[in-house]
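Report on the structure given below.
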Amino acid sequence: MFDGLLLLGQGIGHFLNPQSLFNVVWATLLGLVIGILPGLTATMGVALLVTLTYKMAPDQAILTLMCVYLGAIYGGSRTAILLNIPGTPANAAAALDGHPLALQGKAGLAMGLATTSSTLGTLVGIFFLAIIAPLLSEAALKFGSYEYFWLALFGVVISGQMSGSDTPLKGYIAGILGLLIAMIGMETLHAHQRFTFGIQALGGGIDLIPAMVGAFGFAEILSAMKRRAVAQIAAVNDRVVPTLGEVFRYWRTIIRSGLIGTFVGIIPGVGEDVGSWTSYAAAKRASKHPEEFGKGSQEGLIAAETGDNAVVSAAMIPTLTLALPGSAAAAVLIAAMYIHDIRPGPMLMVENPAFLYQVVAMLLLATLANFIFGLSLTKLFIKVLMVPRERLMAVIYVLCVVGSFAITQRMFDVYVMLCFGIVGFVLREMKYPMAPLVLGIILGDLLDLNLRRGLQLTNGDPSPFFTRPISAVLCLVIVITIIMSVPAVSRRAGAVLKRQMS
Amino acid sequence: MDTTNTPGDEAIRSRADLLTALVLLALGLAVIYLSWTMPRLEARRINPATIPGLVPLVLGVLLTLCSALLAVRSWRIKAPGAWQGLAALLVTPEARRVLAVMALALFYTLILVGWLPFWAASMLFIFSFIVLFEVVLTDAPMPLLQSAVWALGIGVAGGTGIYLVFARVFLVRLP
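Chains as they are written, first to last, in the working numbering: chain W, 4 to 505; chain D, -3 to 171.
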């Protein structure tokens, strides 16, 4: 406990120098701008910035990326409130009540409430990151191949189930496609080349950064440029800074949404949008005025913004302790950590215990910067919204090319980015979620290696996968999740539950 | 976010789902075949339970099953006129805008980069992109001269700015 506090103090002290503070300021501002501009997502921003942090010291690079990530998730609420277009998918729930509030002439108050609830949500997530991560890390040291196999599968299945906006089937298909992409290249157990078709460049497999830049960058550009109409910006004539009473009137909602966001963040691959919608739905169910939701409810806006920001910090729990990304942007952060020789996973607390608390310190600094900029630079950020996308997207595409090329300096990665962009756009238009696809690419190797290594250890006997306690629980959860995604089963289960409760 | 779905959209999506499901079904079957014919490495005395094709084979089977389910589900939805609706979607102004972005991106990436210095290729791309979307592929066209001046300014600033920041300040090699 005291060791943890000491390490946290050291972590904060580590970043209290001009260079770190300068990086916090510019990266948070950039993150806010990325979040504010419709068509640019947090994942895209982090993926593009990896290239720029390539030559930085590891701690400064991760600090910069973390600030961009947090800033973008928070900044998206501006667009949701003023334009009714979520800046990032995570802010879709915030648009439901934020924009009606803006139409009622309360745009400033809506943005102020979004800022304070985002800050409080992040703080709840940070609190649990500092408490849970060391414990989970310790527990994860006992995990073997069997548990890691189920964890990888769990991540893809849950992500497919929860992010499939149309049907879980599409989420599962996206997850399987991601896992198949991860199979390309040399496998690690017997060094055999799979699905390379004699193409030398495919031997090393598909790199995550170009794939992410394509799926979240180029595909976003195509989606943004597809739209013809430009939305009208709501006017901001009222005060931006809310009173303490306005915020803490909803303390129950803030705590509930913070806890929900933290729980969603811990589940690998689920991400901010699910955290935001789940918090919103829970707040509506518990509210004394559910009829106001969707018509400008302050409670709804607070719930959505607290929920999605709590996910950001909580997503770092599986990211750092298990190397399983809690969200799509966290997946890019894992790739960035590997680039900078930081190995997330259970051994992190053994090899580099200070880093976990440095991440906590990074999140605290980013939150503080978000809070200050969010409340003080409102008018300036509205000007950012006026940049025409025609002028912006051309420059963003050039950055996509640079971002894909620079890490391994191969044109092949730029072609990978192009393919993922076009295929990602088509899949997105067909309502296939991108998160399970990306998670599949990340977790594919973990799943494949641990399944076959486990079977190698038992000489082909699969029973330990089902008999070891943690494995058995994970297996059961996966089976129940899949069964519950069958419409007929979930309908019947819902009816039984309703009967039991009445 | 578009949350309004008319019945027409649903019908068209069901047919688009059917098409993608068939493509994915073919992909699943191809993966099964390629995994099944993958070397079993018997000469290296590899345990059959750890062969390289094991996981891809399982994934191929799962992809085939899921896409078959999606195909059946989509086929069962009654969607009169949906095929025509789907075909009409390919010739809308939105589709033209998407195709134009793809064409410009492919031309820039596959031809201009490598043929011209990176900064020059980027300037040309940014200039053409802005002029095309502000003057031609838009509902409210901007005067050509005004758009060209903006495009030139952003092209020069973007092309040289990205080059200077990445190549000179951060010492990253550019294509």
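Where is the CB? At the ideal position from N, CA and C, for every residue including glycine.
Please specify which runs of the beta strand (DSSP E), each continuous and at least 3 residues long, are wholly inside the segment 414 to 459 of chain W, giving them in chain order.
-> none
State the CB to CB distance for the pair Ala30 (chain W) and Leu323 (chain W), rounded to an integer number of angstroms; the pair is presumed to be in contact (CB under 8 angstroms).
-> Not confirmed; about 19 angstroms, so no contact.
In terms of residues, what are the limits of the alpha helix (DSSP H) holding His102 (chain W)?
-> Ala95 to Leu106
contact_flag[the segment 3 to 15 of chain D, the segment 27 to 36 of chain D] where n(CB pairs < 8 angstroms) is 3 or more = no
From this set, W:Ala64, W:Tyr57 and W:Val71, which residue's C-alpha is nearest Thr46 (chain W)'s C-alpha?
-> W:Val71
Is the CB of Trp146 (chain D) under 9 angstroms away from at least one CB in chain W?
-> yes
Given Leu128 (chain D), which residues of its chain have a CB within under 8 angstroms of its CB, disregarding the five upstream and five downstream residues?
-> Ala96 and Leu100
Reduced DSSP category for Leu1 (chain W) - H, G, I as helix; E, B as strand; rest coil = Since the first residue shown for chain W is 4 and the last is 505, residue 1 (chain W) is missing from the structure and cannot be characterised.
Return helix, strand or coil for Gly208 (chain W), following the three-state DSSP convention.
-> coil
Exposed or buried, Asp210 (chain W), counting other C-beta atoms within 10 Å across all chains shown (16 or more means buried)?
-> buried
If we call anything under 9 angstroms between Cβ atoms a contact, is Val405 (chain W) one with Ile158 (chain D)?
-> yes
Taking all protein chains shown into account, decide if Met389 (chain W) is buried (16 or more other Cβ within 10 angstroms of its Cβ) or exposed.
-> exposed
Under 7 angstroms between beta-carbons, which chain C residues line up against Ser118 (chain D)? List them in chain order, please.
-> Structure shown: chain C not included; protein chains present are W and D.
Do we get a CB-CB distance below 9 angstroms when we pair Val441 (chain W) with the residues of chain D?
-> no
Gln196 (chain W) - partner residues in DSSP beta bridges = W:Met189
Give a yes or no on whether 9 angstroms exceeds the smallest Cβ distance from Ala331 (chain W) to chain D.
-> no
Does any residue of chain W bring its CB to less than 9 angstroms from the CB of Gly81 (chain D)?
-> no
Sort W:Leu402, W:Val489, W:Glu393 and W:Leu205 by Cα distance to Lys229 (chain W) and report the nearest one.
-> W:Glu393
Around the Cβ of Val165 (chain D), are there at least 16 other Cβ atoms within 10 angstroms (buried) or fewer (exposed)?
-> exposed
Return yes when the Cβ of Arg431 (chain W) is within less than 9 angstroms of the Cβ of Ser226 (chain W), no when it is not.
-> yes
Between which two residues does the alpha helix (DSSP H) containing Ala113 (chain W) stretch?
-> Ala110 to Ala143
For the alpha helix (DSSP H) holding Val405 (chain W), just list the boundary residues, first then last.
-> Arg392 to Ala409
7 angstroms Cβ cut-off: residues of chain D touching His343 (chain W) | Near His343 (chain W) there are no residues of chain D at all, since even the closest Cβ is about 14 angstroms away, more than 7 angstroms.
Anything in chain W within Cβ reach of Leu59 (chain D), meaning under 8 angstroms, just list it in chain order.
-> Ile176, Ile179, Leu180 and Leu183
Within this structure, are the beta carbons of Arg197 (chain W) and Gly56 (chain D) separated by less than 9 angstroms?
-> no
Leaving aside the five residues before and after Gly457 (chain W) along the sequence, list all residues of the same chain whose C-beta is less than 7 angstroms from its C-beta, in chain order.
-> Ser148, Tyr149, Phe152, Pro467 and Phe468
Starting from the Cα of Leu167 (chain D), find the closest Cα among W:Asp416, W:Ile410, W:Met340 and W:Thr461 and give me that residue.
-> W:Ile410
Nearest-angstrom Cα separation, counted from Thr91 (chain W) out to Leu43 (chain W) = 7 angstroms
Between Gly151 (chain D) and the rest of its own chain, which residues show a CB-CB distance below 6 angstroms, the 5 nearest in sequence each way excluded?
-> Met119, Ile122 and Phe123
Cutoff 9 angstroms: Gln459 (chain W) Cβ touching any chain D Cβ | yes
Option nearest Ala105 (chain W) by Cα separation, candidates W:Leu86, W:Thr125 and W:Leu183 | W:Leu86
Leu100 (chain D), DSSP secondary structure in three states = helix
Verify whether the separation of the beta carbon atoms of Ile257 (chain W) and Val127 (chain W) is less than 9 angstroms.
-> yes
Are the CB atoms of Val216 (chain W) and Phe423 (chain W) nearer to each other than 9 angstroms?
-> yes
Given 8 angstroms as the limit, is there contact between the segment 173 to 183 of chain W and the segment 437 to 448 of chain W, that is, 3 or more CB pairs closer than that?
-> yes
Contacting residues, own chain, Cβ-Cβ under 6 angstroms from Asp276 (chain W) (five flanking each side not counted) | Pro92 and Ala93
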